[in-house]
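Note that the protein sequences, when read in sequence, are chains L and W. Under this note's numbering, the first sequence has 16 at position 16, and the numbering climbs by one with no breaks. Under this note's numbering, the second sequence has 95 at position 95, and the numbering climbs by one with no breaks. Just so you know, even glycine gets a beta-carbon here, dropped at the ideal spot from N, CA and C. Just below is one structure, and these are the notes that go with it.
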Amino acid sequence: DQQVKQNSPSLSVQEGRISILNCDYTNSMFDYFLWYKKYPAEGPTFLISISSIKDKNEDGRFTVFLNKSAKHLSLHIVPSQPGDSAVYFCAARSGAGSYQLTFGKGTKLSVIP
Amino acid sequence: GAGVSQSPSNKVTEKGKDVELRCDPISGHTALYWYRQSLGQGLEFLIYFQGNSAPDKSGLPSDRFSAERTGGSVSTLTIQRTQQEDSAVYLCASSLGASEKLFFGSGTQLSVL
């Protein structure tokens with residue numbers, strides 16, 4: 001039973017436009033959410049995170065939005081660049097002190113020049 | 001400084017053989033994790049080491065899987081009597097304490113024929 005779902009396996013966006021990657025979760029105990037980015041043949045790298053007490057966190061071109069009532073979060077990348085082409089994983093932690101992250105299956109983003 | 005190092009990067013083995021995967025965490029990181037990613041799936045938690053505490057082995061899929069961490073640094077994941085369903089990318093990560101911000105290695109691609 002998937003607790004973190006990324007329903008879009010892939011997404012294509014034109015360079016300069018906005019990329020929106022979505023993630024849904026079912027476990028209301030999740031208190032911290034993260035996005036990781038993965039290039040081929042490399043390990044995932046941390047991108048941005050958000051605590052469940054916030055609804056938005058911004059870092060440069062990357063913004064994560066959290067809608068707790070809908071159990072939904074999204075990652076916005078604007079403007080999208082070809083170097084953003086990668087697989088993006090949504091992950092969640094179930095409570096402070098928990099060290100296990102639950103990951104979604106990932107969304108492959110392709111930014112077309 | 002150096003990141004998380006994993007070896008080998010690729011391992012092809014025959015069904016029934018034992019394999020050992022190695023992870024060298026970032027120096028000074030007390031927490032070490034093993035995850036695996038099967039084809040088309042998200043990252044799946046396997047095991048967690050934190051300092052001198054007993055490891056959390058709750059994610060290990062069967063008793064054929066074991067891991068140790070010597071001297072609070074290098075870790076070895078051992079899979080005995082490998083099966084075809086063990087084929088996956090095995091990812092090691094480390095962090096400063098039990099942090100949600102994990103630093104991943106590039107992984108070991110294990111193929112069981």
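Residues of the segment 25-49 of chain W with a C-beta less than 9 Å from any C-beta of chain L: A31, Y33, Y35, Q37, G40, Q41, G42, L43, E44, F45 and Y48, listed in chain order. As the crow flies, the alpha-carbon of N10(W) is around 32 Å from that of S80(L). Here F45(W) is near Y35(W), since their CB atoms are less than 8 Å apart. Here the segment 76-83 of chain W makes contact with the segment 11-28 of chain W; the two share three or more CB pairs at distances below 8 Å. Not a single C-beta of chain L is nearer than 8 Å to the C-beta of A2(W). Apart from the 5 residues on each side of it in sequence, A92(L) sits with its Cβ closer than 6 Å to the Cβ of V4, Y25, F30, F33 and T102 in its chain, given in chain order. Contact between Q37(W) and A93(W) is ruled out by a C-beta separation of about 12 Å, above the 8 Å threshold. Each residue's CA atom was taken as its position, placing L96(W) and G72(W) some 13 Å apart.
The beta-carbon distance between H72(L) and T63(L), rounded to whole angstroms, is 14 Å. This is too long to meet the 8 Å contact definition. A Cβ-Cβ distance of about 18 Å is found for the pair K105(L) and Q109(W), leaving them out of contact under the 8 Å criterion. Here F65(L) has K56 and S74 as same chain residues with Cβ atoms under 6 Å from its own Cβ, once five neighbours each way along the sequence are excluded. For F65(W), no CB of chain L lies under 8 Å from its own CB, so it is not counted at the interface with that chain. Note on K15(W): under 16 other CB atoms within 10 angstroms of its CB, so exposed under the neighbour-count rule.
For Q84(W), the three-state secondary structure derived from DSSP is helix.
Contacts with chain W at 8 Å (Cβ-Cβ) include Y32(L).
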